[in-house]
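**Student:** Quick one: the structure is below, and I'll ask about it shortly.
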Amino acid sequence: MTARAPEPIWLVMVPMMMMAAMALHAPIILSSLALLPIAAVGAMGILLLLSSLLGGMGGLYLYGMRTKEAPEKPLPSWLVELFAYDFYTPKIYKNSVVLAVATLAAVGDWLDRNLIDGAVNLIGLISVAGGETLKYSNTGRSQFYVLTIAAFVVIIGVFMSCLTIMGG
Amino acid sequence: MLSLLIWLPIIGGALLFALPEKYVRPGALTVSGLSLLWTAWLFSQYDISNLGFQFSEHLSWIPAFGLDYALGLDGLGLLMVGLNTFLSWIAIYTTQANIERPKLFYALMLAVNSAVSGAFLAQNFLLFFFFFEVELVPLYLLISIWGGEKRGYAATKFLLYTALSGALILAGALGMVWLGEASDFNYETLTKISLPASYQVLLLLPILFGFGIKIPLIPLHTWLPDAYVEASTPVAILLGGVLAKLGTYGLLRFGFSLLPDGWAVLAPGLAVWGAITVVYGALVAIAQKDIKRMVAYSSIGHMGFILLGAAAGNSLSISGSIAQMASHGIILAILFALVGIIENKVGTRELSALNGLMNPIRGLPVISALLVMGGMASAGLPGLINFAAEFVVFQGSFRQFPVQTLVCVVGTGLTAVYFVILLNRTCFGRLDNEQAYFPKVTLNEKIPAYVLAFAIVALGLQPGWLLRWGEPTAVRIIIPTLKTEVSASPQHFPYQSDTPSQALLAKNIGDS
Chain R
22 MTARAPEPIW
32 LVMVPMMMMA
42 AMALHAPIIL
52 SSLALLPIAA
62 VGAMGILLLL
72 SSLLGGMGGL
82 YLYGMRTKEA
92 PEKPLPSWLV
102 ELFAYDFYTP
112 KIYKNSVVLA
122 VATLAAVGDW
132 LDRNLIDGAV
142 NLIGLISVAG
152 GETLKYSNTG
162 RSQFYVLTIA
172 AFVVIIGVFM
182 SCLTIMGG
Chain L
69 MLSLLIWLPI
79 IGGALLFALP
89 EKYVRPGALT
99 VSGLSLLWTA
109 WLFSQYDISN
119 LGFQFSEHLS
129 WIPAFGLDYA
139 LGLDGLGLLM
149 VGLNTFLSWI
159 AIYTTQANIE
169 RPKLFYALML
179 AVNSAVSGAF
189 LAQNFLLFFF
199 FFEVELVPLY
209 LLISIWGGEK
219 RGYAATKFLL
229 YTALSGALIL
239 AGALGMVWLG
249 EASDFNYETL
259 TKISLPASYQ
269 VLLLLPILFG
279 FGIKIPLIPL
289 HTWLPDAYVE
299 ASTPVAILLG
309 GVLAKLGTYG
319 LLRFGFSLLP
329 DGWAVLAPGL
339 AVWGAITVVY
349 GALVAIAQKD
359 IKRMVAYSSI
369 GHMGFILLGA
379 AAGNSLSISG
389 SIAQMASHGI
399 ILAILFALVG
409 IIENKVGTRE
419 LSALNGLMNP
429 IRGLPVISAL
439 LVMGGMASAG
449 LPGLINFAAE
459 FVVFQGSFRQ
469 FPVQTLVCVV
479 GTGLTAVYFV
489 ILLNRTCFGR
499 LDNEQAYFPK
509 VTLNEKIPAY
519 VLAFAIVALG
529 LQPGWLLRWG
539 EPTAVRIIIP
549 TLKTEVSASP
559 QHFPYQSDTP
569 SQALLAKNIG
579 DS
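So, in structure tokens, the structure goes:
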């Protein structure tokens with residue numbers, strides 16, 4: 022899809038176009054040979070005839086009658102390139118859908134690694150740092166531990182007494 | 069009967085320590101193979117027309133706690149136990165022959181098998197919780213001893229996250245029993261609790277977040293990529309294939325079934341959560357450069373489909389969710405097995421370094437071909453297992469939550485994007501002939517992948533074989549949510565040849 026379509030030589034193109042035209046005009050050919058009822062041609066048949074006439078006349082003008090004036094460039098180059106590069110569809114697709122998805126993916130990955138995982142790792146870091154701080158705050162003297170235990174027992178006792186008083 | 073599935077692997081694992089080292093791997097394969105055969109027998113004996121629990125066992129254990137040794141099996145449990153025993157056998161088979169400390173390794177693998185079976189079989193919440201917590205210990209050891217470079221970090225993170233999830237679900241269940249004034253934690257007792265919707269919503273929150281960590285759902289998922297990437301291949305197969313399903317199983321069994329009114333209130337939010345998980349998992353997978361990490365994020369994305377189906381809450385979507393649980397397990401197993409082989413033979417998991425592995429002369433053509441199949445199965449290609457499951461989920465969820473379902477369909481497309489990136493870079497392209505001296509992949513290494521590939525194709529071509537087991541459960545658990553009188557129509561069983569009669573449905577509805 023991304024490469025310029027190769028242009029076959031006239032030995033391939035001319036018979037192919039002739040047969041394609043014949044296939045497209047089959048309903049009209051069949052009706053003109055009275056092999057089909059006349060109503061089968063219908064609007065589609067008229068449209069086919071008109072488009073074939075238009076294409077034929079356009080081709081005749083561009084390639085048959087303009088050769089003396091502009092032998093190399095019958096059509097403007099932007100039009101030729103539009104068809105050759107498939108209406109720039111791959112490029113449009115790459116710069117719209119693919120770019121959007123790739124950007125979203127990169128943003129999502131960054132969020133995942135740095136924000137979400139980062140928050141979790143931060144909590145872990147705080148826990149470890151807290152533990153280290155607590156570790157270094159130990160004095161090693163038994164009076165300190167007895168004091169800490171006694172203080173918390175008093176606090177719990179006060180709390181339980183308040184609960185009992187409020188409940189009772 | 070069901071106790072065999074719990075005690076056989078434990079006793080077998082303990083007996084491995086008495087065996088000489090060369091018999092340890094065949095011993096482990098035999099034990100897990102026997103569990104697998106026993107599960108196959110259970111499948112053959114299971115009566116699909118009976119919507120309730122079968123093969124029940126009940127022993128009073130600690131009445132003061134309300135803890136009973138109660139086991140039972142319904143369609144959902146049967147499928148999950150089947151997945152567990154199958155993937156345990158596959159995981160043990162995938163283990164390299166020259167693994168260090170083989171006795172401890174295989175014993176721990178069998179312990180995980182046993183604990184997970186116990187969790188799926190438990191009919192008492194405390195018993196479920198007991199097995200839910202017990203499986204953490206062997207898994208922590210499996211990741212931290214036999215894992216990759218950052219195994220300590222990954223194992224600790226996994227343990228902390230999952231322990232937190234256990235605490236949350238215990239809080240939810242304790243609340244349920246306390247507020248509902250239940251006498252014990254037996255599942256039958258819990259189903260009879262009737263709480264107002266506001267209480268149900270309150271209790272559903274810790275249960276949702278607890279199981280949401282296990283599944284995992286965004287943003288509770290950060291333990292998964294590290295754990296899956298650092299774990300060795302067999303452990304990753306167990307983690308992704310089986311352990312994640314404990315979360316979705318718990319959500320359906322204890323969330324949706326026991327708190328249906330609360331679930332109905334939260335369902336739109338859950339569907340959005342599922343859709344966000346699908347798209348987020350897919351987008352982040354696209355940005356990955358390590359193929360194992362890509363598969364890990366793919367796992368996160370696919371679990372979102374299960375939540376979507378559960379949120380929709382009709383029998384079709386829940387059938388699809390249950391089928392998706394099994395299909396995701398099998399596909400993840402094959403992906404991890406193949407990525408493990410690639411890492412083993414090529415020496416790297418980097419997308420930038422891998423190229424042209426499909427080369428028939430010097431590459432890994434069979435492995436690459438199976439990887440293509442696995443990738444496309446995960447993307448939901450018709451004819452393979454995941455398509456049936458995802459399609460049923462979408463079909464069931466679309467009527468309830470069309471927007472969220474469409475977003476999930478977009479997620480399926482994004483799944484194809486990252487798998488095509490993976491396959492394009494690793495399998496196709498030009499193999500560097502200077503570097504391409506890979507050790508041969510033996511038949512023994514390929515066998516697990518062949519077996520899984522066969523399952524993926526067979527169940528993809530005949531999805532009824534997968535969907536029929538989950539349907540009775542799906543019909544039964546939505547009964548409390550049916551506002552009308554007994555009118556559950558047989559159309560809820562589209563995948564079976566004979567549909568249960570109205571009388572059978574009425575009988576089962578009357579019983580519950």
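In order, the protein sequence lines correspond to chains R and L. According to the working numbering, the first sequence is numbered sequentially starting from 22. According to the working numbering, the second sequence is numbered sequentially starting from 69. Yeah, the Cβ is synthetic: ideal placement off N, Cα and C, and Gly gets one too.
Within the chosen definition, does the segment 155 to 173 of chain L reach the segment 301 to 314 of chain L through at least 3 CB pairs nearer than 8 Å?
**Tutor:** At 8 Å Cβ cutoff, the stretches touch.
**Student:** In terms of residue numbering, what span does the alpha helix (DSSP H) encompassing G80 of chain L cover?
**Tutor:** Taking the first residue of the second sequence as position 1, residue 80 of chain L is located at position 12. Per DSSP, G80 of chain L belongs to the alpha helix (DSSP H) from 71 to 84.
**Student:** So the candidates are R:L136, R:V174, R:T160, R:L168; which of them puts its Cα closest to the Cα of H289 of chain L?
**Tutor:** As a position in the second sequence, residue 289 of chain L is number 221, starting the count at 1. Among R:L136, R:V174, R:T160, R:L168, the Cα nearest to that of H289 of chain L belongs to R:L136.
**Student:** Between the Cα of H396 of chain L and the Cα atoms of L:V471, L:L307, L:V478, L:E418, which residue gives the shortest distance?
**Tutor:** As a working mapping, residue 396 of chain L is identified with position 328 in the second sequence. Taking only the C-alpha atoms, the option nearest H396 of chain L is L:L307.
**Student:** Helix, strand or coil for L141 of chain L? Go by DSSP, reduced to three states.
**Tutor:** Counting from 1 along the second sequence, the entry for residue 141 of chain L is found at position 73. Of the three classes helix, strand and coil, the one that applies to L141 of chain L here is strand, per DSSP.
**Student:** Flag this pair as yes or no: are the beta carbons of A405 of chain L and P507 of chain L separated by less than 8 Å?
**Tutor:** For this step, residue 405 of chain L is matched to residue 337 along the second sequence. For this step, residue 507 of chain L is matched to residue 439 along the second sequence. No, Cβ-Cβ distance for A405 of chain L and P507 of chain L is not below 8 Å.
**Student:** Along chain C, in chain order, which residues have C-beta atoms closer than 7 Å to that of L351 of chain L?
**Tutor:** Absent from the structure is chain C; the protein chains it does hold are R and L.
**Student:** Classify P558 of chain L as helix, strand or coil using the three-state DSSP reduction.
**Tutor:** In the second sequence, counting from the first residue as 1, residue 558 of chain L sits at position 490. Low per-residue confidence applies at P558 of chain L: pLDDT is 44, beneath 50, and the placement is therefore not dependable enough to give any value.
**Student:** Examine chain L for any beta-carbon lying closer than 8 Å to the beta-carbon of I147 of chain R, and answer yes or no.
**Tutor:** Here residue 147 of chain R is taken as the residue at index 126 of the first sequence, counted from 1. I147 of chain R does not count as touching chain L.
**Student:** Does the distance between the C-beta of Y255 of chain L and the nearest non-hydrogen atom of the ligand PLP fall short of 7 Å?
**Tutor:** Absence of the ligand PLP is noted for the structure shown, with no ligands found whatsoever.
**Student:** Grouping DSSP H, G and I as helix and E and B as strand, with all else coil, what is H126 of chain L?
**Tutor:** Walking along the second sequence from the start, residue 126 of chain L turns up at place 58. The answer is strand: DSSP assigns H126 of chain L an E or B state.
**Student:** When you compare each of L:L155, L:S262, L:A86 to L172 of chain L by their alpha carbons, which one comes out closest?
**Tutor:** On the second sequence, position 104 is the one that residue 172 of chain L refers to. Residue L:A86 is the option with its Cα nearest to L172 of chain L.
**Student:** Would V440 of chain L pass as an interface residue toward chain R - the criterion being a Cβ-Cβ separation below 8 Å?
**Tutor:** As a first step, residue 440 of chain L must be located in the second sequence, where it is residue number 372. V440 of chain L does not count as touching chain R.
**Student:** Taking the alpha-carbon positions, what's the L178 of chain L to R93 of chain L distance?
**Tutor:** For the purposes of this step, residue 178 of chain L is taken as the residue at position 110 of the second sequence. For the purposes of this step, residue 93 of chain L is taken as the residue at position 25 of the second sequence. Looking at the backbone, the Cα of L178 of chain L and that of R93 of chain L are separated by about 12 Å.
**Student:** State the Cα-Cα distance for the pair M39 of chain R and A457 of chain L, rounded to the nearest angstrom.
**Tutor:** Locating residue 39 of chain R in the first sequence gives position 18, counting from the first residue. Locating residue 457 of chain L in the second sequence gives position 389, counting from the first residue. If you take the alpha carbons of M39 of chain R and A457 of chain L, they lie about 51 Å apart.
**Student:** Three or more C-beta pairs closer than 8 Å, one from the segment 180 to 187 of chain L and one from the segment 238 to 248 of chain L: is that the case here?
**Tutor:** At 8 Å Cβ cutoff, the stretches do not touch.
**Student:** Quick check: what's the CA-CA separation for Y114 of chain R versus L103 of chain R?
**Tutor:** As a first step, residue 114 of chain R is located in the first sequence; it is residue number 93 there, counting from the start. As a first step, residue 103 of chain R is located in the first sequence; it is residue number 82 there, counting from the start. Cα to Cα, Y114 of chain R sits roughly 15 Å from L103 of chain R.
**Student:** Determine the chain L residues that contact V122 of chain R at a beta-carbon separation under 9 Å, and present them in chain order.
**Tutor:** Locating residue 122 of chain R in the first sequence gives position 101, where the first residue counts as 1. Neighbours of V122 of chain R on chain L, chain order: L351, I354, L482, V485.
**Student:** Given that T290 of chain L touches chain R, what residues does it touch there, using C-beta distances under 8 Å?
**Tutor:** Within the second sequence, numbered from 1, the residue matching residue 290 of chain L stands at position 222. By Cβ distance, chain R contributes D133, I137, D138, V141.
**Student:** Considering only residues of the segment 255 to 281 of chain L, which uninterrupted alpha helix (DSSP H) runs meet the minimum length of 4 residues and lie entirely inside it, listed in chain order?
**Tutor:** 255 to 259
**Student:** Note the first and the last residue of the continuous alpha helix (DSSP H) segment covering R430 of chain L.
**Tutor:** Here residue 430 of chain L corresponds to residue number 362 of the second sequence, with the count starting at 1. That residue, R430 of chain L, is in no alpha helix (DSSP H); it is neither H nor E in DSSP.
**Student:** Which same chain residues end up closer than 8 Å to I410 of chain L when comparing Cβ atoms and leaving out the 5 residues on each side of it in sequence?
**Tutor:** Locating residue 410 of chain L in the second sequence gives position 342, where the first residue counts as 1. Hits under 8 Å: I359, R417, L422, L425, L432, I435, L439, T494.
**Student:** For Y208 of chain L, return the contacting residues in chain R, with the cut-off set at a CB-CB distance below 8 Å.
**Tutor:** Start at 1 with the first residue of the second sequence, and residue 208 of chain L comes out as number 140. None at all; the shortest Cβ gap to chain R is about 16 Å.
**Student:** Of all the options L:S366, L:S383, L:G280, which has the alpha carbon lying nearest to the alpha carbon of G448 of chain L?
**Tutor:** Here residue 448 of chain L refers to the residue found at position 380 when the second sequence is read from its first residue. The shortest Cα separation from G448 of chain L among L:S366, L:S383, L:G280 belongs to L:S366.
**Student:** For L189 of chain L versus T153 of chain L, is the C-beta spacing smaller than 8 Å?
**Tutor:** For the purposes of this step, residue 189 of chain L is taken as the residue at position 121 of the second sequence. For the purposes of this step, residue 153 of chain L is taken as the residue at position 85 of the second sequence. Contact flag unset, no.
**Student:** Considering Cα atoms alone, identify which of L:Q503, L:D115, L:I213, L:N192 is closest to G415 of chain L.
**Tutor:** One-based indexing of the second sequence puts residue 415 of chain L at position 347. Shortest Cα-Cα distance from G415 of chain L to any of L:Q503, L:D115, L:I213, L:N192 involves L:Q503.
**Student:** Could you give the first and the last residue of the continuous alpha helix (DSSP H) run that contains Y84 of chain R?
**Tutor:** Mapped onto the first sequence, residue 84 of chain R falls at position 63. Element bounds for Y84 of chain R: n/a, residue is neither H nor E.
**Student:** Of all Cβ atoms in chain R, is any one closer than 8 Å to the Cβ of Y348 of chain L?
**Tutor:** Sequence index remark: in the second sequence, residue 348 of chain L carries index 280 (1-based). Chain R, which has a Cβ nearer than 8 Å to the Cβ of Y348 of chain L, makes this yes.
**Student:** Using only the alpha-carbon positions, how far apart do S325 of chain L and A437 of chain L sit?
**Tutor:** Here residue 325 of chain L refers to the residue found at position 257 when the second sequence is read from its first residue. Here residue 437 of chain L refers to the residue found at position 369 when the second sequence is read from its first residue. Rounded to the nearest angstrom, the two C-alpha atoms are 42 Å apart.
**Student:** Measuring only between beta-carbons, confirm whether P540 of chain L sits less than 8 Å from chain R.
**Tutor:** Taking the second sequence and counting its residues from 1, the one referred to as residue 540 of chain L is at position 472. Taking Cβ atoms only, chain R never reaches closer than 8 Å to P540 of chain L, which makes this a no.
**Student:** What did DSSP end up calling A190 of chain L once you bin it into helix, strand or coil?
**Tutor:** Your numbering for residue 190 of chain L matches position 122 in the second sequence. Residue state, collapsed to three classes: strand.
**Student:** For P531 of chain L, go through chain R and note every residue whose CB falls closer than 7 Å to its CB, in chain order.
**Tutor:** Numbered from its first residue, the second sequence carries residue 531 of chain L at position 463. The premise fails here: P531 of chain L is roughly 30 Å from chain R at the closest Cβ pair, so nothing lies under 7 Å.
**Student:** I'd like to confirm the pairing. Which residues does DSSP put opposite E418 of chain L in its beta bridges?
**Tutor:** Counted from its first residue, the second sequence places residue 418 of chain L at position 350. Answer is L:D358.
**Student:** For Y84 of chain R, count neighbouring Cβ atoms within 10 angstroms of its own Cβ and tell me buried if that reaches 16, exposed if not.
**Tutor:** Here the question's residue 84 of chain R lines up with position 63 in the first sequence. Residue burial is scored here from C-beta neighbours: Y84 of chain R has fewer than 16 other C-beta atoms within 10 angstroms and is therefore classed as exposed.
**Student:** Taking only beta carbons into account, state which residues of the segment 259 to 290 of chain L come closer than 7 Å to chain R, listed in chain order.
**Tutor:** P287, T290
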